[in-house]
């Protein structure tokens, strides 16, 4: 009897040891970043779809980055409207035999994202959900280090023919965040907060993967009534690149970065900012000079607005070099006269103030080539 018990015990130990080795082997195989591909079974071709945001995962030890982020929705029974929560960041995962469990951070349920996982083929990962959804993934190449560096990014959404959010967010590598919700956002107004070093590092890796030195300045879909996302990258307070993306036609890395940054404010402890100037942000901001016009993207206009918040009001008179007379587009703003450092702001309520920024914002961030000749 004792010998039978010993045999069973040894068998159990051997099974657990073998099972643990298989699990460790599987864990080792899935480490790194993976992206979904389309598989053409007839021609044996594999390609990444250009028509949607690709599904992707990045396994790092015991945590995983879900590239499309985690969302949860809730419907207001009184108003009939649905609101969405978003989680940005790495989440824990577990392996049990050939099953992968990814914990949903908004539902606290380990079984929400459950896959069987097949890593038997070299450089291929196959995930199968219980509802027969199947993902075939291949390794995502590690991007080279970009030649353009940045320590701050400003993202803005223009709105669309519908209820697309109108908002701006500035994120600095030191973790400081400024958010301004204008319309169709969970909060309206200007708020600030500070990110943890871990989340800051996570976000900047997403942004660095865009490879801003290699991508275009302008992306556009072929239909109308969509939103524009403008993204401005800065180094030491100077613009190094701005990307205009109409309809989210940019690269997959750009789309993944949008998902991580544009809904970030929903999970942050925001503190409302007080003592702001009355200067509104025009929907279309430009400056005229000698029959030429400098158009500012929404993210650049928000950057100028942020700089004016730190300016001092002065009685100084000056000869203006740049004129903005947006009128219809500017709501409460009638006119701006500037030499690049001083900004004389005319509001439609009759108030006039001159702001001294302390440096020439236009010359610091733009060149003569950025001014386009008026027709």
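Residue numbers (my numbering): 13 to 387. Even for Gly, the Cβ is constructed at its ideal location relative to N, Cα and C.
Reduced DSSP secondary structure (H/G/I, E/B, other) of residue 311: helix
Where the beta strand (DSSP E) containing residue 266 begins and where it ends: It is not in any beta strand (DSSP E) - residue 266 instead sits in the alpha helix (DSSP H) that spans 264-273.
Segment contact flag, the stretch 157-174 with the stretch 219-235, C-beta cutoff 8 Å, min 3 pairs: yes
Proximity winner among 324, 364, 347 and 298, relative to residue 384 (alpha-carbon distances): 298
Residue 197: first and last residue of the uninterrupted beta strand (DSSP E) it sits in: Careful: residue 197 lies outside any beta strand (DSSP E) and carries neither H nor E.
8 Å Cβ shell around residue 226 - same chain, five flanking residues per side excluded: 158
Nearest candidate by alpha-carbon position, reference residue 33, set 115, 109 and 45: 109
DSSP three-state assignment for residue 35, whether helix, strand or coil: helix
Per DSSP, the bridge partner or partners of residue 298: 307
For residue 373, three-class secondary structure by DSSP: helix
Given residue 42 as reference, the closest of 73, 48 and 64 once Cα atoms are compared: 73
Member of 279, 371, 284 and 336 whose CA lies at the smallest distance from the CA of residue 322: 371
Residue 326 (DSSP reduced to helix, strand or coil): coil
Close-in-space but distant-in-sequence residues of the same chain around residue 357 (CB under 6 Å, 5 per side omitted): 291, 348 and 365
Sufficient close CB pairs (3 or more, under 8 Å) joining the stretch 137-156 to the stretch 186-203: no
Simplified DSSP assignment, three categories, for residue 40: helix
Same chain, Cβ closer than 6 Å to residue 45, neighbours up to 5 away in sequence not counted: 70 and 152
Spatial distance of residue 258 from residue 233 (CA atoms): 6 Å
Residue interval of the alpha helix (DSSP H) (run including residue 212): 209-220
Alpha carbon of residue 239 to alpha carbon of residue 286, nearest angstrom: 29 Å
Exposed unless 16 or more other CB atoms sit within 10 angstroms - verdict on residue 79: buried
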